Every structure is written in structure tokens, then in C-alpha cells.
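Heads up, the sequence shown is in the working numbering, so the first residue is 16 and it goes up one at a time.
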Amino acid sequence: MLHQPAATTSDGTSTLASSTPAPGRRMNASAVLWVTLAVFAQEAVWNFYDAQVPEQLRQYVTSAGVIGLIMGLDHSLGIFTQPSVGFLSDKLVRRKAGRWPIVLLGAVIATVPFVLIPWADSLPVLMVCVVGFALVANAFKGVTETLISDYVPTGSRSKAQGFIKAGVSLTIIVSSLISLLVVDRSLHLAFAIPPALMLVMLGFSWMFLGRRHQQAVLPEQPTEGHKDVPEFTSPWAVLKDAVRTPSSPTVLLMIGIFCFAGMWTALRSLNTPYGTEVLGLTRGEAGGLALPGAVAFLVCVLPLAYGSDRLGQLRAMRYGVGLFVIGLLVGFTVPTVPGTVVSTVLCAIGYASFAVNALVALWNLAPTQKVLGTYTALYTIASSAGMALGPAILGITVDLTSWRFMMLNAAAFAAVTFAVFTRLARRIPHRSQS
């Protein structure tokens, strides 16, 4: 398992220094619960956004490539906003309210353009709403995900991520149920429900955890294997240190995150149109295709989180990508509703293995615990870049072939992702820890 921070050798390359959790520290179950609720709150909105905004765009745009590009452009905004916002949150974490003001204020502002999306009566107005929501929501998204590092010690973060990702899978279920039960009856009401849930749940999280932040936050922990760690004066100094050499494990891990996040987002963004075009489903029925995968994710994510401790994070992610490829090939071979359901389940399990390990693995490469918010921004840069390009690339291949070949095209790109994680696993060998 990657519970070793990155150290720098005399030749400037990164290695892994051994590190063990602080003795006597155990996972704070209450903190995990409330952080999970906070992440659930924002992901409920994002999942519904990914499921229904592409279909909203199809009222004005016919090209799958253009729709994919638009869905990807909103994610790219995080590349420019999150390093600064994450660095600011690192400066605030030891103060009375910690990172919470950024999360709460961002959620309130993002609600307004999201609710207005179904009211847009032209493409320019729709784009203003879409970009407005994505700009604000992307800015605080990584800060919410970093909250877990404030309350859970290093050795328990992978397990804590398992609980958080289990909560995230429930948002896919919520999004699917809204699509199935509300969208075909009232689109305006459907777009109002997720942000309302977000505000209520973030309010509860802050009430029970954020209000006592100073009492709950972990003390500063020294990072072993890092002598004379510099005090970073800007987010760009942190980013420069992280990617100082092309062979750095951080760079390789970011490439892997870029590839997998891109294909996963592409499938999520184009799944509803695929269901209507290939499977002959209604918009609401197609939006509900993600439901079986969400259930599979929920069932498997905790066992995968605990199993990764024994298997190793990188190895678990590599196997997850392999299962993801198999799932896509099943979907292409059997282009029916049952075949697509099986494909969705396999892909979701493969993605779960990645989801519970990727961010924690990146945190473990940070030179100091004081920059975890900025390292979350590194994750966002890699994943957002993939999210920006993935839907457009897959959409273009659909334009060149047809919707029928979408799963096969995605499998080809996912195979490249598998090769990246294979090289990464060899670059950073698994080291068991007691």
C-alpha cells in the first residue's frame, strides 16, 4: 500500500520513504460520517448534472463531439481555480472555521445557475448557466474532498475514502431515481431537488463537525523522510515541486488519474444519449441506466477499500482498470439493456477500485501535510483535464463511427489507461506494512 511519502534523492528524482501512522490514532468515525455527508451533498448535484445536461444540450446541438466538448470544458475550469482555492484552504485549516467557509459559500452561489438550467430558452443562456455553475462548483469541489485529511490520520485515510465513496455511490442512485421518477414529469422540479439536498446536507455537516472544527482537527504531524521541507509561498511553488522531473511518481500517477477520469466521465456524459440512440429507451429510462452500477459500487467499495491495504493501492487500481475494460467489451458485444446493465456493473466495480485509492495515493506523495489541499488540486488538475478531453474524444469517435461502437471505442482508450497503471505499478513497487 502507498503509505510512503515522496522523498528526493541527490539526483533530483522522487522515491518513497517509509512512513507509519501515528501510534494510538484511530479513524474518527463521527468525522468520517459528516465529511461523507458533505461530499455526498456536492456529488448529488454533479451526478445529476452529468446525467441530464447532455440531453439538455441536444435541444440545440446535434454533434456528440460538440456535446462532449462542452461537458468537458466545464470540468477544465477546475484546472485554473482549484490550485489557488486549495492553497487558500491550506492556510485556513488551523483557524476557527477551517476550510468550511469556502465550501458553504461556494455551495450557495453554485445553486443559482444550476436551478436556472432548465429555464434557459436558448443556447447562449444555457451556456451561461452551465459555465456559471461549473466555475463555482469546481472551485470548492476539491476543498470538500480534502476535509477528510483534517480529521483522519494517514493510516486510516484509504478506509475513510471507502466510506466516502460509498456515500458518493448513493448520489448516483439518487440521481438515477430523480431521472426515473421526476424528469419526465417536471424537468424544472428535477433540477431543483439536487441543489436543495446539497444545501441541507452541507448545513448538517457544518453544524455537527464544522462548528467544532478547532476541537476536531488533527494536530500537525511531522512527515518522515523529509528534512528541511520548504515553506511553500504559493500554489505554483507546490505544483512545481510535485512535477519537478518527468519520471516522478507524482507525474505518472497524475497521468493515470487523467486517463481513467477521462474515460469514466465520457461514459457518464454520453450514457443517456447512448441509451436513447442504441437501446431505444426514453430520456428518463436512459438516465436510470446508471442505477445498477451505483448499487454495485456501493456493495463493493468498502471491501475494496479494506482489501487495498493488503493488495496495495496501485495494484488494486491496475486490476480495477482491467475489469473496466472487460465491462466495456461486454457492453459492446451485447448491445441490449441486460448487456448494458452487466457492462455498467463491471465498469462501476472497476472504477470503485480506482476511486478509493487515487487521491490517498497522491496525498501520500506530498512533501508535507501542510499542502494536502494543494495536492488535492493536483488530483483535480489531472482528473479535470481528463474530464475535459475524455467526453470530447469519445464523442468524436462516435461521430466517426456510430453510437453502436461507443463501448468499443471507450475500451480502446481504457486499454491505454491500463498500460499507464502497469508502468506506474512497476515504477513504485508495493511495500507491505505492519
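The C-beta atom is built at its ideal place from N, Cα and C for all residues, glycine as well. Quick caveat, the model's predicted, so the values are computed rather than measured.
Residue nearest to Val183 in terms of C-alpha spacing, selected from Phe55, Arg325, Lys385, Ser173: Walking along the sequence shown from the start, residue 183 turns up at place 168. Of the listed residues, the one whose Cα sits closest to Val183 is Phe55.
Throw me the rounded Cβ distance for the Thr432 and Phe178 pair, which I believe falls under 8 Å. To locate residue 432, count along the sequence shown from 1; it is residue 417. To locate residue 178, count along the sequence shown from 1; it is residue 163. Thr432 to Phe178, Cβ: 26 Å. No contact.
So, using beta-carbon positions, are Ala305 and Thr359 closer together than 8 Å? Here the question's residue 305 lines up with position 290 in the sequence shown. Here the question's residue 359 lines up with position 344 in the sequence shown. Remark: C-beta atoms of Ala305 and Thr359 approach each other more closely than 8 Å.
Using only CA atoms, which one of Trp115, Ala400, Phe206, Gly277 lies nearest to Ala135? Here the question's residue 135 lines up with position 120 in the sequence shown. The shortest Cα separation from Ala135 among Trp115, Ala400, Phe206, Gly277 belongs to Phe206.
Say the cut is 7 Å; is the CB of Leu326 nearer than that to a heavy atom of the ligand HEM? Only the bare structure without any ligand can be found here, which leaves the ligand HEM out of the picture.
Would you give the residue range spanned by the alpha helix (DSSP H) that Trp279 belongs to? Here residue 279 refers to the residue found at position 264 when the sequence shown is read from its first residue. Trp279: member of the alpha helix (DSSP H) spanning 264–292, first to last residue.
Using the three-state DSSP reduction, which class does Trp49 fall into: helix, strand or coil? Translated into positions along the sequence shown, residue 49 becomes position 34. Correct three-state label for Trp49: helix.
6 Å Cβ shell around Met421 - same chain, five flanking residues per side excluded: As a first step, residue 421 is located in the sequence shown; it is residue number 406 there, counting from the start. Counting only Cβ-Cβ distances below 6 Å, and skipping sequence neighbours, we find Tyr289, Val413.
Once the 5 residues before and after Cys144 are set aside, which same chain residues still bring their CB inside 7 Å of it? Walking along the sequence shown from the start, residue 144 turns up at place 129. Close CB contacts of Cys144 within its chain, under the 7 Å cut and outside five residues either way in sequence, are with Pro128, Leu131, Ile132, Ala135 (chain order).
Using three-state DSSP, classify Gly240 as helix, strand or coil. Counting from one through the sequence shown, the residue named residue 240 turns up at place 225. For Gly240, the pLDDT reaches just 46, beneath the cut-off of 50, and the residue's location in the model is therefore unreliable, leaving the point undetermined.
Leaving out five residues before and five after Trp221 in sequence, what residues of the same chain have Cβ atoms less than 7 Å from its Cβ? Start at 1 with the first residue of the sequence shown, and residue 221 comes out as number 206. The residues are Trp115, Leu119.
Between which two residues does the alpha helix (DSSP H) holding Gln176 run? The sequence position of residue 176 within the sequence shown is 161, counting from 1. Membership of Gln176 in the alpha helix (DSSP H) is indicated by the continuous run 172–193.
Alpha-carbon spacing of Thr238 relative to Val146, whole angstroms: For this step, residue 238 is matched to residue 223 along the sequence shown. For this step, residue 146 is matched to residue 131 along the sequence shown. Here the model assigns Thr238 a pLDDT of 48, short of 50, so the residue's position is not dependable, and the following value carries that caveat. Roughly 39 Å between the two C-alpha positions.
Would you check if the distance between the CB atom of Ala59 and the CB atom of Leu212 is smaller than 8 Å? By 1-based counting over the sequence shown, the position of residue 59 is 44. By 1-based counting over the sequence shown, the position of residue 212 is 197. Taking 8 Å as the Cβ cut-off, Ala59 and Leu212 qualify as a contacting pair.
Quick check: the Cα distance between Val81 and Ile411, rounded to an integer number of angstroms? In the sequence shown, the residue the question calls residue 81 occupies position 66. In the sequence shown, the residue the question calls residue 411 occupies position 396. Distance between the alpha carbons of Val81 and Ile411 is about 8 Å.
Only counting the same chain, and skipping five residues up and downstream in sequence, which positions put a Cβ closer than 8 Å to that of Leu387? For the purposes of this step, residue 387 is identified with residue 372 of the sequence shown, where counting begins at 1. So the qualifying residues of the chain are Asp105, Thr161, Ser164, Trp378, Ala381.
Out of curiosity, what's the CA-to-CA distance linking Thr77 and Glu292? For this step, residue 77 is matched to residue 62 along the sequence shown. For this step, residue 292 is matched to residue 277 along the sequence shown. Taking the straight line from one Cα to the other gives about 12 Å.
Tell me which same chain residues have a C-beta within less than 7 Å of the C-beta of Phe339, skipping the five on either side of it? Residue 339 sits at position 324 when you count from the first residue of the sequence shown. Contacts found: Cys362, Gly365, Tyr366, Ala429.
What would DSSP say about Ala21, mapped onto helix, strand or coil? Residue numbering aside, residue 21 sits at position 6 when the sequence shown is read from its first letter. With a pLDDT of only 42 at Ala21, under the threshold of 50, the placement of this residue in the model should not be trusted; the figure read from the coordinates follows. Ala21 falls in the strand class under three-state DSSP.
I think Tyr321 touches Lys174, with their Cβ atoms under 8 Å apart; what is that distance to the nearest whole Å? Against the sequence shown, residue 321 aligns to sequence position 306. Against the sequence shown, residue 174 aligns to sequence position 159. With a beta-carbon spacing of about 6 Å, Tyr321 and Lys174 fall inside the 8 Å limit used to define contacts.
Length of the line joining the Cα atoms of Leu374 and Leu141: One-based indexing of the sequence shown puts residue 374 at position 359. One-based indexing of the sequence shown puts residue 141 at position 126. Those two C-alpha atoms are separated by around 32 Å.
Leu150 versus Asp65: straight-line alpha-carbon distance, rounded: Against the sequence shown, residue 150 aligns to sequence position 135. Against the sequence shown, residue 65 aligns to sequence position 50. The straight-line gap from Cα to Cα measures roughly 15 Å.
Could you compute how far the alpha carbon of Gly450 sits from the alpha carbon of Ala309? A query on residue 450 cannot be resolved here, the shown segment of the chain reaching from 16 to 449 and no further.
Distance, Met86 Cα to Leu415 Cα: Stepping through the sequence shown from its first residue, residue 415 is reached at position 400. Stepping through the sequence shown from its first residue, residue 86 is reached at position 71. So the two alpha carbons sit approximately 19 Å from each other.
Compare the C-alpha of Leu268 against each of Leu72, Thr395, Ser417, Gly405 and name the closest. The count along the sequence shown starts at 1 and reaches residue 268 at position 253. Nearest C-alpha to Leu268: Thr395.
Cβ neighbours of Val336 in the same chain (closer than 6 Å, five flanking residues each side left out): To locate residue 336, count along the sequence shown from 1; it is residue 321. Excluding its 5 nearest sequence neighbours in each direction, Val336 has C-beta neighbours in its own chain below 6 Å: Thr432, Phe433, Phe436, listed in chain order.
Give the straight-line distance between the Cα atoms of Leu282 and Ala425, rounded to the nearest whole angstrom. As a first step, residue 282 must be located in the sequence shown, where it is residue number 267. As a first step, residue 425 must be located in the sequence shown, where it is residue number 410. As the crow flies, the alpha-carbon of Leu282 is around 8 Å from that of Ala425.
The stretch 182–199 / the stretch 325–332 touching (three or more Cβ pairs under 8 Å): Taking 8 Å as the limit for Cβ pairs, the verdict is that the stretch 325–332 does not touch the stretch 182–199.
For a quick check, are the C-beta atoms of Val356 and Pro406 less than 8 Å apart? Within the sequence shown, numbered from 1, the residue matching residue 356 stands at position 341. Within the sequence shown, numbered from 1, the residue matching residue 406 stands at position 391. Going by C-beta atoms, Val356 is not nearer than 8 Å to Pro406.
Whole-angstrom distance between Leu319 and Val100, CA atom to CA atom: To locate residue 100, count along the sequence shown from 1; it is residue 85. To locate residue 319, count along the sequence shown from 1; it is residue 304. Rounded to the nearest angstrom, the two C-alpha atoms are 31 Å apart.
Within its chain, find whatever has a CB closer than 7 Å to the CB of Leu204; leave out the 5 residues flanking it on each side and keep chain order. As a first step, residue 204 must be located in the sequence shown, where it is residue number 189. Within the same chain, and ignoring the five residues on either side of Leu204 in sequence, the residues whose Cβ sits closer than 7 Å to its Cβ are Val197.
How would you label Phe312, buried or exposed, when you count the other beta carbons within 10 angstroms and need 16 or more for buried? Your numbering for residue 312 matches position 297 in the sequence shown. Counting Cβ neighbours within 10 Å, Phe312 comes out buried, since at least 16 surround it.
Secondary structure, alpha helix (DSSP H): runs of 4+ residues fully inside the stretch 99–183: 115–131, 138–166, all fully within the stretch 99–183.
Might you give, ordered along the chain, the residues of its own chain that have their beta carbon closer than 7 Å to the beta carbon of Lys385, omitting 5 neighbours on each side? Working through the sequence shown from its first residue, we reach residue 385 at position 370. Once the five neighbours on either side are set aside, the close Cβ partners of Lys385 are Asp105.
Could you name the residues of the same chain whose beta carbon sits closer than 6 Å to that of Trp418, not counting the 5 residues immediately before and after it, in chain order? Taking the sequence shown and counting its residues from 1, the one referred to as residue 418 is at position 403. Closer than 6 Å at Cβ, skipping near neighbours: Tyr289, Glu292, Val293.
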